[in-house]
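Asker: Heads up, my numbering is the position in the sequence shown plus 210, with the first residue counted as 1.
Glycine included, every Cβ here is placed at the ideal spot set by N, Cα and C.
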Amino acid sequence: MNYDREKQAAIAAVRRAAALCQQVRAEMVGADSLEKGDRSPVTVADFGAQALVCQHLTKTFPQDVIVAEEDSSELQQHSDKLRQVTQYVQRFQLDATSPAVCTWIDAGNGSVSERYWTLDPIDGTKGFLRNDQYAIALALVEKGQVKVAALACPALPLRLDDPSSETGTLFVAVRGQGAAMAPLGETVFEPISVNQAADEAGSRFVESVESAHGHHALQQAVAQAVGITQPSLRMDSQAKYGAVARGDAALYLRLPSPKSPNYREKIWDHAAGALIVEEAGGRVTDMYGQPLDFSSGYKMEHNQGVIVSNGTRHAAVIETLVKFDQT
Ligand code: AMP
Ligand code: MG
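Here it is in structure tokens:
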């Protein structure tokens, strides 16, 4: 199976969602968000992006299950917000009505199964609200294996070290076929691969902006122990996976925050990025070297922390963590 239909559908879906997010961000007044039960923010764009992606997937693959981050229950209690979401979705999908938008959003409430799509309509909502990085992350998983990934990063320059390059990068990968990127608005893809050189980018690591999403002090110590000499690059969202996959950094460290040591990572925060890095020649495991488990549920109960690398320093990072744990 070459997954060409799935790949094209994923690309089309995340592109539309990214365009909606860019319009919301350009027109947004202040920090325009609702708070979810777990106190994390959610915006009109999160709902609109999920509606567009789920609408596209259910039309193209009516049998497929979607496991996405948002649901419409909160939105249905705020009619003004629902109206706003509907208006944005209508710009891309003329037949959108509020009930249809809620139905599309809730098409994402499926459970992990033999074949499913997983979607984070806006990964890095805090970055989105701060005018920093965010991503629309979509992946197809079969029998626990990520097969197709599309990751739209509307605020990520095509070349990190070249400020004159276009802003907006789309990463795509299909298992066994490599990883590639394109300007978000164009169709010309170029293959990407991790950086295994000892140059500036090859001795840099990436981590979250939000201190609550990792353990910055420990991440710094581990990076130093494995020979990373440059200061970390802090970035929101799975754009960090894109950075490792195309060689902007050698390593992405995400160790459990001391404030939430029992936090379990969600599948939609990692599935797309993980395939893109693996297909670019890198490695992705949890902090104990175990593969990420995309087959059990939306929370990765069997994993803790995430280590993403260009391959060369992966074992050293895990050995260092064991050593630190023993002292
Ligand atoms: P990032 O932009 O890499 O900092 O990650 C954003 C993601 O972090 C969100 O999509 C959340 O699902 C996730 N998140 C929320 N709380 C935590 C936590 N305590 N530890 C790790 N990740 C978290
Ligand atoms: Mg997320």
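Give the secondary structure of ASP256 by DSSP, where H, G and I count as helix, E and B as strand, and everything else as coil.
Answerer: Locating residue 256 in the sequence shown gives position 46, counting from the first residue. Helix, per DSSP.
Asker: To the nearest angstrom, how far is it from the Cα of ALA220 to the Cα of LEU267?
Answerer: Taking the sequence shown and counting its residues from 1, one reaches residue 220 at position 10. Taking the sequence shown and counting its residues from 1, one reaches residue 267 at position 57. Taking the straight line joining both Cα atoms gives about 8 angstroms.
Asker: Please go through the same chain and pick out, in chain order, the residues whose beta-carbon is closer than 6 angstroms to the beta-carbon of VAL275, but skip the five residues on each side of it.
Answerer: Residue 275 sits at position 65 when you count from the first residue of the sequence shown. Once the five neighbours on either side are set aside, the close Cβ partners of VAL275 are GLY320, SER323, TYR326.
Asker: Confirm, please, whether the CB-CB distance from SER403 to ALA568 is below 7 angstroms.
Answerer: What is shown of the chain runs 211 to 537, which leaves residue 568 out entirely.
Asker: Which residue or residues does DSSP assign as beta-bridge partners of THR379?
Answerer: Here residue 379 is taken as the residue at index 169 of the sequence shown, counted from 1. Note: THR379 sits in a beta bridge opposite CYS363, PRO393.
Asker: Please confirm whether any heavy atom of the ligand MG lies closer than 6 angstroms to the CB of ASP479.
Answerer: For this step, residue 479 is matched to residue 269 along the sequence shown. Yes; taking the cut-off as 6 angstroms, the Cβ of ASP479 has a heavy atom of the ligand MG nearer than that.
Asker: Buried or exposed: SER519, going by 16 or more other Cβ atoms within 10 Å of its Cβ?
Answerer: Counting from 1 along the sequence shown, the entry for residue 519 is found at position 309. The residue in question, SER519, is buried, as its Cβ has 16 or more Cβ neighbours within 10 Å.
Asker: Compute the distance between the beta-carbons of ILE517 and VAL532, then report whether it is under 7 angstroms.
Answerer: Residue mapping note: residue 517 aligns to position 307 of the sequence shown, counting from 1. Residue mapping note: residue 532 aligns to position 322 of the sequence shown, counting from 1. Contact: no.
Asker: Is the CB-CB distance between LEU361 and PHE381 below 7 angstroms?
Answerer: What you label residue 361 is simply residue 151 of the sequence shown in a count that begins at 1. What you label residue 381 is simply residue 171 of the sequence shown in a count that begins at 1. Result yes, Cβ atoms of LEU361 and PHE381 sit closer than 7 angstroms.
Asker: Can you grab the Cα-Cα spacing for the pair PRO364 / LEU394, in whole Å?
Answerer: Start at 1 with the first residue of the sequence shown, and residue 364 comes out as number 154. Start at 1 with the first residue of the sequence shown, and residue 394 comes out as number 184. Rounded to the nearest angstrom, the two C-alpha atoms are 7 angstroms apart.
Asker: So within the region 242–315, which uninterrupted beta strand (DSSP E) runs reach at least 3 residues, ignoring any that extend past its ends?
Answerer: The qualifying runs are 243–245, 251–253, 275–278.
Asker: Could you round the C-beta distance between GLN303 and LEU262 to whole angstroms and report it? I think they count as a contact, below 8 angstroms.
Answerer: Taking the first residue of the sequence shown as 1, we reach residue 303 at position 93. Taking the first residue of the sequence shown as 1, we reach residue 262 at position 52. Their Cβ separation, rounded to whole angstroms, is 7 angstroms, which keeps GLN303 and LEU262 in contact under 8 angstroms.
Asker: My guess is that ALA347 and ALA482 are in contact by the Cβ rule of under 8 angstroms, so how many angstroms apart are they, rounded?
Answerer: Counting from 1 along the sequence shown, the entry for residue 347 is found at position 137. Counting from 1 along the sequence shown, the entry for residue 482 is found at position 272. Contact holds; Cβ gap of about 4 angstroms.
Asker: Is ARG425 near the ligand AMP, going by C-beta to nearest heavy atom under 6 angstroms?
Answerer: What you label residue 425 is simply residue 215 of the sequence shown in a count that begins at 1. The sequence shown places His at residue 425, rather than the Arg named in the question. HIS425 Cβ: outside cutoff for every heavy atom of the ligand AMP.
Asker: Assess, as a yes-or-no matter, whether the region 403–423 is touched by the region 448–463 under the definition of 3 or more beta carbon pairs within less than 8 angstroms.
Answerer: Yes, the region 448–463 is in contact with the region 403–423.
Asker: Per DSSP, which one or two residues make a beta bridge with GLN355?
Answerer: As a working note, residue 355 is residue 145 in the sequence shown. Answer is GLU352, bridged to GLN355.
Asker: Is DSSP giving SER519 helix, strand or coil here?
Answerer: As a working note, residue 519 is residue 309 in the sequence shown. If DSSP states are grouped into helix, strand and coil, SER519 belongs with the strands.
Asker: For GLY492 and GLN429, I'd like the C-alpha separation in whole angstroms.
Answerer: Along the sequence shown, read from residue 1 onward, the residue named residue 492 stands at position 282. Along the sequence shown, read from residue 1 onward, the residue named residue 429 stands at position 219. Whole-angstrom Cα-Cα distance: 19 angstroms.
Asker: Give the single residue among THR313, SER250, VAL299 whose Cα lies nearest to the Cα of ASP281.
Answerer: Walking along the sequence shown from the start, residue 281 turns up at place 71. Cα-wise, what sits closest to ASP281 is THR313.
Asker: By DSSP's criteria, VAL454 is part of a beta bridge. Which residues make up the other side?
Answerer: The residue given as residue 454 occupies position 244 in the sequence shown. Answer is none; VAL454 lacks a bridge partner.
Asker: Considering just the uninterrupted stretch of the alpha helix (DSSP H) at ILE221, what are its terminal residues?
Answerer: Working through the sequence shown from its first residue, we reach residue 221 at position 11. Residues 214–237.
Asker: State the start and end residues of the unbroken beta strand (DSSP E) segment that holds THR569.
Answerer: Residue 569 is absent from the model: the chain starts at 211 and stops at 537.
Asker: Under 7 angstroms Cβ to Cβ from PRO466, same chain only, skipping five residues before and after it: list those, please.
Answerer: Locating residue 466 in the sequence shown gives position 256, counting from the first residue. Excluding positions up to five away in sequence, the list reads HIS425, TYR473, GLN514, GLY515.
Asker: So the alpha helix (DSSP H) ILE486 belongs to, where does it begin and stop?
Answerer: If you number the sequence shown from 1, residue 486 lands on position 276. Looking at the DSSP string, the run of the alpha helix (DSSP H) that includes ILE486 is 481–489.
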